[in-house]
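*Asks:* Dumping the structure here so I can ask a few things about it.
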Amino acid sequence: MQSRRGFIYSGAAASTLLGLQALLPPWARSETRHQHSRLPTLSGTEFNLTIGRTPLSIDGQAAGAITVNGTLPAPLLRWREGDTVTLNVSNQLAEDTSIHWHGILLPFEMDGVPGVTFPGIRPGETFTYRFPVKQAGTYWYHSHSNLQEQLGHYGPLIIDPADPDPVDYDREHVLLLSDWTFLDPHALFATLKKQSDSLNYQKRTLGDFLDDVREDGVAATVEDRLMWGAMRMSPTDISDVTGATYTYLVNGQAPDANWTGLFRPGERVRLRIINASAMSFFNVRIPGLPMTVVQADGLNVQPVATDEFQIGVAETYDVIVSPEKERAYTVMCEAIDGSGYGRATLAPRPGMSAPVPALRPRPLLTMEDMGMTHGSHAEHAHHEGHSMPDMRVQQHDHPAGPGVANLAENPVSRLHEPGIGLEDVAHRALAYSDLRSLDPNPDQREPGREMELHLTSNMERYMWSFDGVQYSAVEEPIVFHHGERLRLTMVNDTMMPHPIHLHGMFFQLVNGGGAHKPNKHTIIVKPAEKLSIDITADALGDWAFHCHLLYHMHAGMFQVVSVREREVGA
Amino acid sequence: MKWLSPNALCAFASLLTPLAAFASDSHTGADSMQAAREALRAHMGGQKTTALFVDRLEYRSNEGDPVMLWDAQASYGGDINRALLKTEGEYLLDDSQTEEAEVQALYSRAVSPYFDLQAGLRYDVNPEPDRYSAVLGVQGLAPYWFELDAAAFISQRGDVSARIELEYDLLLTQRLILQPRLELDVSLQDVPELGRGSGLASIESGIRLRYEIQREFAPYIGVAWERDLGDTADFSRAEGESISRLSVVAGVRVWF
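Those sequence lines, one after another, are chains A and B. Start counting the first sequence at 434; every next residue gets the next number (the working numbering). Start counting the second sequence at -4; every next residue gets the next number (the working numbering).
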């Protein structure tokens, strides 16, 4: 039996509504508009979704969004584990579109990636997705076509479990974070190609130099500047696109609109937090309210108490909060470079707000983020202990031409670090090493082989790739053998964190969790980090595998993983 | 008949299909997938971009003989291979005539993370007579953030020269930027009709203070100082020209 109490909230409804509100799906409107604590949803087993252009207002400015059923974000879809869902997706755009069901286990031809799993949905056409729902949790869906994610083509997806939910809560709110720009995304990408650092307005200036001289002395400051200058790297280069360009949204609303989720003091409130941004990581905290993380990327984890966590693009976290007081709380979603924030409020009544904390000083990258680079490559660690003669360790001796500006000489595990901007916070901050799967991992075989993959880039030219080869130049997919258990070790040769996403299969993060490694569909690989994930290749077909920073993917940080039957004699 | 499960049939079918390079071909037409695959490739790293950088478009006081100077570069292509047009010149405002003007059409190839190798043709409209030169150069970002553009030229008459330009951006604030600039011209031999002597022929240094209203649009003011050296200076003196000119400059830097 579900333990949530599920009462009806009958609040006084009269309110001042922004123009945008009417265009929002009901669940994303501030709760001044509707009375149910349970979110209105598009639920059931058959869904009709129409992709189109919709003029709307964001932060008071006219915007032309790409929407699903006319709203930004797209409607919350609510499925039930064990059902078979049918989704008729009609394209009213003048260009191709698609929907990818992010994190969902399904037959690959339903995965929705044009050029990999299907041809895409042409203008005027309707594509029908149909597949059984084999999992539960918090997910999302979005376009995989033509930078449409940047323009609003994303929405939340919740699957209710067939069995009683191990997570005990009284009410829930979805907080879908995103980054909006009024620029054309292709123009934005071209700007990055021409002047990759031009969207950063937090560079180090003469003033910073003088401050550092005062603090550290002339010699140390000059040495520091020469070190970075010799590399042609900037320690302020944390996000390619910053708050100078983006308006950060929570449930489609800018900070001033103050999206508000209601609670009654004493309730256990489940927040389903989804980062649907194109390019933005957030550090999320609720001053005065500790959080307990209960789910990561849709699958349950052993509860972890924390005060702040970093959420990479495409990740999801479910947290439980228990506000006891009759007061408002700010959900502060700070861009990791400190250049802006998204904001929501939790309050017992509509119209309340709590102080919004000041943005913290922008962090700086360090020598560790650089991997103590220069010159030769880190030794590729051969995986010991797997001496099966027909399974040699696959090594990637990748090319290092114009597309590779940096090689991490000493990549290290950084799983215990909460991430950029959280190095020095005075409270608890979640790290990947804290996560343990609630249920034991179903496949506990040792990996039969290990592959190594390098995340590579030339920031100056805005080239991004795996193993030094942009997807436009890739000749062969990455091949997994059907049914095998393998270890994928990733080395980040770049100075940026990358949210790496594998379609079609969860992977288990090798973080010391033993039989309870956390399951993820998207994993942040920090600058100069080396980490491993274990994968059971149980999903036949071709699957996209890419950096979920939209413009990194667009610049070539994309590959296809092909899960195939092992060829006879191979 | 357990062995005839759908999975087994699928596996059997996949053995018959001669290597299915692409799983999707089995459920969609291979033709429609082929077009989508090519589009995906173009979409993930294969983009072509067009860029125009007008580095300097400025009025120069030029000690009472004011000129308009332009220095621009347009390019089209991908990350590695690009086609390039460079142009630079001076227009005498009082005489209403072009003092010097050149256009270069170049093929540019990224040969290292920070440098492009460039080769092509240069055409000098002025000074008279017209001349063509072959160009071989490098352009890129040197350590310590110096923008470098260096090229050697061989004219159709066989004279060899070279030009080296260096720029550096010093951020006073996020938008107010001080840019020192240095340009050296070198000649291998005397070219009397151009008034150029062998050796280090001239040096121009300048400093410009720009304000980036947008990153793409920045008006600036500054000073520029040109000095002829060696035999070039002798040629200039013989022509009755001054060998050193100080200019106040005002202009705009634009790119898109």
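Ideal placement from N, C-alpha and C gives every residue a C-beta, glycine not left out.
#1: Just checking my contact of residue 848(A) with residue 864(A) at CB under 8 Å: how many whole Å lie between their CB atoms?
#2: What's the C-alpha gap between residue 252(B) and residue 528(A)?
#3: Let me see if you follow: with CB-CB separation under 9 Å, is residue 140(B) close to chain A or not?
#4: Of the residues that make up the stretch 51 to 71 of chain B, which ones have a beta carbon closer than 8 Å to any beta carbon in chain A?
#5: Would you tell me roughly how many angstroms separate the C-alpha atoms of residue 982(A) and residue 199(B), rounded to the nearest one?
#6: Does chain B have any CB closer than 9 Å to the CB of residue 551(A)?
#7: So, helix, strand or coil for residue 898(A), using DSSP?
#8: Below 8 Å on the Cβ atoms is my guess for residue 915(A) versus residue 871(A); work out the distance and round it to an integer in Å.
#9: Below 8 Å on the Cβ atoms is my guess for residue 581(A) versus residue 499(A); work out the distance and round it to an integer in Å.
#10: Under a three-way DSSP split, which group does residue 953(A) fall into?
#11: Compare the C-alpha of residue 615(A) against each of 850(A), 562(A) and 680(A) and name the closest.
#12: Let me check one thing: in DSSP terms, what residues is residue 551(A) bridge-paired to?
#13: In the DSSP assignment, what residue or residues form a beta bridge with residue 111(B)?
#14: Rounded to a whole number of angstroms, what is the C-alpha to C-alpha distance between residue 684(A) and residue 724(A)?
#15: Quick check on the DSSP output: the alpha helix (DSSP H) that includes residue 662(A) runs from which residue to which?
#16: Quick one: give me the first and last residue of the alpha helix (DSSP H) that residue 986(A) is part of.
#17: Rounding to the nearest angstrom, what Cα-Cα distance links residue 474(A) and residue 756(A) in this structure?
#18: So if I threshold CB-CB distances at 9 Å, which residues from the stretch 143 to 169 of chain B count as touching chain A?
#19: Would you tell me roughly how many angstroms separate the C-alpha atoms of residue 104(B) and residue 110(B), rounded to the nearest one?
#20: Can you give me the Cβ contacts of residue 584(A) inside the same chain, cut-off strictly under 6 Å, excluding the 5 residues immediately before and after it?
#21: Does residue 815(A) come within less than 9 Å of chain B when only Cβ atoms are used?
#22: How about residue 616(A): is its C-beta nearer than 9 Å to some C-beta of chain B?
#23: Between residue 880(A) and residue 967(A), how many whole angstroms is the CB-CB distance? I'm expecting something under 8 Å.
#24: Which same chain residues end up closer than 6 Å to residue 69(B) when comparing Cβ atoms and leaving out the 5 residues on each side of it in sequence?
#25: Note down, in chain order, each residue of its chain lying with its Cβ closer than 6 Å to the Cβ of residue 589(A), except the 5 sequence neighbours on either side.
#26: Please list, in chain order, all residues of the same chain as residue 850(A) whose beta carbon is under 8 Å from its beta carbon, the five residues on each side excluded.
#27: Tell me which residue opens and which closes the alpha helix (DSSP H) that residue 618(A) is part of.
#28: Can you tell me the Cα-Cα spacing of residue 21(B) and residue 544(A), whole angstroms?
#29: Would residue 728(A) and residue 600(A) qualify as a contact pair, given that the criterion is a beta-carbon distance under 9 Å?
#30: What are the boundary residues of the beta strand (DSSP E) that includes residue 765(A)?
#31: Any chance you could list the alpha helix (DSSP H) runs of at least 4 consecutive residues sitting entirely within the stretch 696 to 726 of chain A, in chain order?
#32: Give every residue of the same chain whose Cβ lies closer than 7 Å to the Cβ of residue 797(A), excluding the five residues on either side of it in the sequence, and list them in chain order.
#33: Quick check on residue 692(A) - is its C-beta less than 9 Å from some C-beta in chain B?
#34: Using the Cα positions of residue 517(A) and residue 566(A), report the straight-line distance between them to the nearest angstrom.
#35: Are there any heavy atoms of the ligand ATP lying less than 8 Å away from the beta-carbon of residue 709(A), as far as the coordinates show?
#36: With a cut-off of 9 Å, does the C-beta of residue 494(A) fall near any C-beta of chain B?
*Replies:* Working from what's here:
#1: 6 Å
#2: Outside the displayed span of chain B (-4 to 251) sits residue 252(B), for which this structure offers no information.
#3: Closer than 9 Å: yes.
#4: none
#5: Rounded to whole angstroms, the gap between the alpha carbons of residue 982(A) and residue 199(B) is 44 Å.
#6: yes
#7: strand
#8: Not a contact, Cβ separation roughly 27 Å.
#9: 5 Å between Cβ atoms; contact.
#10: strand
#11: It is 680(A).
#12: 547(A)
#13: 105(B) and 134(B)
#14: 20 Å
#15: 651 to 664
#16: 983 to 987
#17: 25 Å
#18: 165, 166, 167, 168 and 169
#19: Straight-line spacing of the CA atoms in residue 104(B) and residue 110(B) works out to 8 Å.
#20: 498 and 499
#21: With a pLDDT of only 37 at residue 815(A), under 50, the local geometry of the prediction cannot be trusted, and no value is derived from it.
#22: no
#23: The Cβ separation is near 5 Å, so the contact holds.
#24: 47 and 80
#25: 509, 573, 607, 609 and 707
#26: Excluding its 5 nearest sequence neighbours in each direction, residue 850(A) has C-beta neighbours in its own chain below 8 Å: 856, 864 and 959, listed in chain order.
#27: Note, residue 618(A): alpha helix (DSSP H), 618 to 627.
#28: 15 Å
#29: yes
#30: 762 to 768
#31: The stretch 696 to 726 of chain A contains no whole alpha helix (DSSP H) run of 4 or more residues.
#32: By the criterion of a C-beta distance shorter than 7 Å, residue 797(A) is surrounded in its chain by 668 and 669, once the five residues flanking it on both sides are discounted.
#33: no
#34: 6 Å
#35: In the structure shown, the ligand ATP is absent, as is every other ligand, since no ligand is present at all.
#36: no
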